[in-house]
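Enquirer: Protein sequences, first through last, are from chains A and B.
At position 33 of the first sequence the residue is numbered 33 (UniProt numbering), and the sequence of numbers has no breaks.
At position 146 of the second sequence the residue is numbered 146 (UniProt numbering), and the sequence of numbers has no breaks.
Number of protein chains: 2
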Amino acid sequence: MSSSADVSDLDRFDLAILDILQRDNTTPQRVIGEAVNLSAPSVQRRIKRMEESGVIKANVSIVNPGSVGCNITVLVEVEVVTESAELIEAAKQSFATCPQVQQCYYITGDTDFFLVMLVATMAEYEQLTKTLFFGNNNVKRFRTTVVMDRVKIGMTVSPPGFTKNQSHS
Amino acid sequence: MSSSADVSDLDRFDLAILDILQRDNTTPQRVIGEAVNLSAPSVQRRIKRMEESGVIKANVSIVNPGSVGCNITVLVEVEVVTESAELIEAAKQSFATCPQVQQCYYITGDTDFFLVMLVATMAEYEQLTKTLFFGNNNVKRFRTTVVMDRVKIGMTVSPPGFTKNQSHS
DNA sequence: GCGTGCCCGCAAACATATTGCAAGACCCGT
DNA sequence: ACGGGTCTTGCAATATGTTTGCGGGCACGC
Chain A
1 MSSSADVSDL DRFDLAILDI LQRDNTTPQR VIGEAVNLSA PSVQRRIKRM
51 EESGVIKANV SIVNPGSVGC NITVLVEVEV VTESAELIEA AKQSFATCPQ
101 VQQCYYITGD TDFFLVMLVA TMAEYEQLTK TLFFGNNNVK RFRTTVVMDR
151 VKIGMTVSPP GFTKNQSHS
Chain B
1 MSSSADVSDL DRFDLAILDI LQRDNTTPQR VIGEAVNLSA PSVQRRIKRM
51 EESGVIKANV SIVNPGSVGC NITVLVEVEV VTESAELIEA AKQSFATCPQ
101 VQQCYYITGD TDFFLVMLVA TMAEYEQLTK TLFFGNNNVK RFRTTVVMDR
151 VKIGMTVSPP GFTKNQSHS
């Protein structure tokens, strides 16, 4: 389904470019070029290729949740009653389409799903539980944890054996 | 410390702009302007203001972990021995600086930390546990869960009462 | 040895972002 | 109600960044 490129398709230039773009994708290609020892057009063609091949999935702004009134992060473990493919798919769908659900993982172990949610108030969360969990009779149990501190938040991914080759000359 | 703007500082134009930027921050300001009924310079000034005030925290490319060889997502609950401010701070630091840790939450409840990690192999993860958990004698216990499906992954935040005002004319 | 394909850099063309400026909206104190 | 100040807008001009056309180098296979 994904048809995305494998790591072997990426050379050290690509990885260095990704490393920069994951920090700031508004960095001018000329600057990126200087950092990785490549011309701006070359950088641009590599970026384009990685976008087309699915290595770069999206280019987005990260907004501070507090600034839009979402100050509460909650983690939710969800256990379902029946694990039939159909019902699991339905659950995935309902979680994925909920805007307050930032991340949803289908997991191994005691419980079946793990959600990271972002809400403005506990009242809003309570309201959501009614439709998302209580309203779904395939949900057997759910356990809510409130986050005190979002110590680290990011989507940055570092290739296993990647050392920032700052060849500055 | 954060001094970030409150939601009351953002009007419906700002929210509409954020909504677009969170999907694709390469959208030309002219196009954004058309979508929200504002001129390009006005859009640009609003974006700049939101960047400076911390509403927009970053502009990044999202890369497909599989493309760089990181195919395994694990969730880890960590319980510490002593919850002294100093030791908690040290733990936060060690988790936050680990590249494989995508997200780290300091939480209420039975356990103290919740981590989302991304690794290439289980061997790599095992190696990390040695330094991150076994190597820290303030870590009492940790529980690892393997993710089967990353159903939804994102940092998108929707303001509570925000309806996409698609005024298409 | 000679195509062929791939990727490079340079320079030109093109698109986008940014700034200067004047005008309109609003608030507030008089 | 009037004037002064502030804020934000749109337009037009400018600066900056991206993209493409082109020629050249290099590796591979015939």
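For every residue, glycine included, the Cβ atom is placed at its ideal position computed from N, Cα and C.
I'd like to know whether the C-beta of Gln44(A) is nearer than 8 Å to at least one C-beta of chain B.
Expert: no
Enquirer: Anyone know if the C-beta pair for Ile32(A) and Val43(A) falls short of 8 Å?
Expert: yes
Enquirer: Rounded to whole angstroms, what's the CA-CA distance from Cys70(B) to Thr121(B)? Just pull it up for me.
Expert: 7 Å
Enquirer: Any idea what DSSP makes of Ser3(A), helix, strand or coil?
Expert: In this prediction, Ser3(A) has a pLDDT of 47, which is less than 50 and means its spatial position is unreliable; nothing more can be read from the coordinates.
Enquirer: Could you tell me the alpha carbon to alpha carbon distance between Val74(B) and Asn137(A), rounded to whole angstroms?
Expert: 28 Å
Enquirer: Report the residue ranges of all beta strand (DSSP E) runs contained in full by the region 121 to 152 of chain B; include only those spanning at least 3 residues, in chain order.
Expert: 139 to 152
Enquirer: With a cut-off of 8 Å, does the C-beta of Gln29(A) fall near any C-beta of chain B?
Expert: no
Enquirer: Going by the C-beta, is Leu132(A) closer than 7 Å to any heavy atom of the ligand NAD?
Expert: Among the ligands in the structure shown, none appear at all, so the ligand NAD cannot be discussed.
Enquirer: For the region 94 to 114 of chain A and the region 145 to 156 of chain B, state whether three or more C-beta atom pairs, one from each stretch, are separated by less than 8 Å.
Expert: yes
Enquirer: Quick one: is Asn64(B) near chain A, going by C-beta distance under 8 Å?
Expert: By this cut-off, Asn64(B) is an interface position.
Enquirer: Among all the DSSP beta bridges, which residues are the ones paired with Val60(B)?
Expert: Val60(A), per the DSSP bridge assignment.
Enquirer: Residues in the region 135 to 159 of chain A with C-beta within 8 Å of chain B's C-beta atoms, listed in sequence order?
Expert: Thr145, Val146, Val147, Met148, Asp149, Arg150, Val151, Lys152, Ile153, Gly154, Met155, Thr156, Val157, Ser158, Pro159
Enquirer: Quick one: Cα of Gly54(B) to Cα of Thr27(B), how far?
Expert: 20 Å
Enquirer: Could you check which residue in Cys98(B), Leu132(B), Gln103(B) has the C-alpha nearest to that of Pro160(A)?
Expert: With distances taken between Cα atoms, Pro160(A) lies closest to Cys98(B).
Enquirer: So, with DSSP's three-state summary, where would you put Ser169(A)?
Expert: The pLDDT assigned to Ser169(A) is 33, lower than 50, so where the model puts this residue is not dependable; a value taken from the coordinates is nonetheless given after this. DSSP places Ser169(A) in coil when its eight states are reduced to three.
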